[in-house]
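Data block below; observations after.
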Amino acid sequence: MSEGPLVIKIGGSTLGSTDSTFRDIAAMARNGEIPVVVHGGGAEASRWLDSMGIESRFERGLRVTDERVLPVVVAVFAGLVNKRIVTAINGAGGTAVGFCGADGRLLECRLADPALGFVGQPVAVHPRAINALRDSRIIPVIGPIGFVPGDPDQLVNVNADTVAGNIAASIGARRLVFLTDVEGVRDSSGAVIPSLTGPEVERLVADGTISGGMIPKVENCLHAARLGVAAQIIDGRREGALLSYDGSGTIITP
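Set out below in structure tokens:
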């Protein structure tokens, strides 16, 4: 397994008054582990869109992003949510810098589907900014906005889980940790399964053991695994979850 950095995908459902995510990240950095943080913020974007009278529409789990929606999601993902996370990590004793996939031309995309509007599908990751920050012992915090090359480049909304997988692969991450609101993948008896391979995941989905909201979680892990990165689902609501990530949750191996 690669000895590269840890990539942490933070989901909004895990962030609350009782979790220790930001303290854990700061503690990791103080101990010499400089992780890379990728975040979403879909619920926050929906709240802002609703307050502006703009409907949130989804196709295949992706937010339809038209000319009215794009400025709002850029402002929320690259601005508000990103800076909240940066401020929280810095306040916990870490040193973090936030940006998005358009900065430094980090996340190069193509348009995923005309029906989705300005939604990007990653085609290349250019991690120079990530590497420069980590070399300076600064935690990169990345929002899920990319660009489609052009004159000028076009900003696009990108699924945050996809962003995390592609970034993890590009920097040779040793593991991608998805902080979720579940303890891991459970078998038919309800016990958490510590480790799975891709074919095992597909079998459990086919026989109904993995169902409902767990399906997109394991699909995100499979995306990372297909890119060559082990991906782990852990319960981000548990205090100290990141500091003991090797022994909890479910890991899906390449």
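If you read the sequence shown in the working numbering, its first letter stands for residue 12, the second for the next number, and so on. The beta carbon of each residue, even a glycine, is placed where N, CA and C say it ideally should be. No experiment lies behind these values; they were computed from the predicted model shown.
Taking all protein chains in view, the Cβ of M225 is crowded by 16 or more other Cβ atoms within 10 Å, so the residue is classified as buried.
Apart from the 5 residues on each side of it in sequence, E70 sits with its Cβ closer than 7 Å to the Cβ of A126 and L127 in its chain, given in chain order. Here R145 carries a helix assignment [DSSP, helix/strand/coil]. Under DSSP, the beta-bridge partners assigned to L166 are F158. DSSP, reduced to helix, strand and coil, places L17 within a strand of the structure shown. Taking C-alpha positions only, P151 is separated from L190 by approximately 17 Å. The alpha-carbon of I149 is positioned some 24 Å away from that of V169. The Cβ atoms of D198 and T173 lie no closer than 8 Å to each other. Look at D246 here: in three-state DSSP terms it is strand. For E213, the uninterrupted alpha helix (DSSP H) run begins and ends at G209 to A217, by DSSP. Note that the C-beta distance between A113 and G157 is below 8 Å. Closest option to C232, judged by alpha-carbon separation, among G251, L207, I96 and V48: L207. Under the three-state reduction of DSSP output, F88 falls in the helix class.
Of R68, V48 and R121, the smallest CA-CA separation from G22 is found for V48.
In the DSSP annotation of this structure, H234 is not part of any beta strand (DSSP E); the continuous alpha helix (DSSP H) holding it starts and ends at M225 to R237.
The C-beta of H234 has 16 or more other C-beta atoms within 10 Å across all chains shown, which makes the residue buried. Listed in chain order, the alpha helix (DSSP H) runs fully inside the stretch 26-101 are 32-41, 53-62 and 80-85, counting runs of at least 4 residues.
When the five nearest sequence neighbours on each side are left out, the beta carbons in the same chain lying within less than 6 Å of the beta carbon of V83 are those of W59 and L60, in order along the chain. Linking D162 to P155 through their CA atoms gives a straight-line distance of about 21 Å. The shortest CA-to-CA distance from G102 to any of N177, F33 and V134 is the one to F33. Residue range A107 to C111 is occupied by the beta strand (DSSP E) that includes A107, with no alpha helix (DSSP H) assigned at that position.
Closest by C-alpha distance to L144, out of A54, R214 and I182, is I182. Cβ atoms of V18 and L253 stay farther apart than 8 Å, at about 12 Å.
Across the set N42, L118 and E66, the C-alpha of L118 shows the shortest separation from the C-alpha of A171. Under the three-state reduction of DSSP output, P138 falls in the coil class, being neither helix nor strand.
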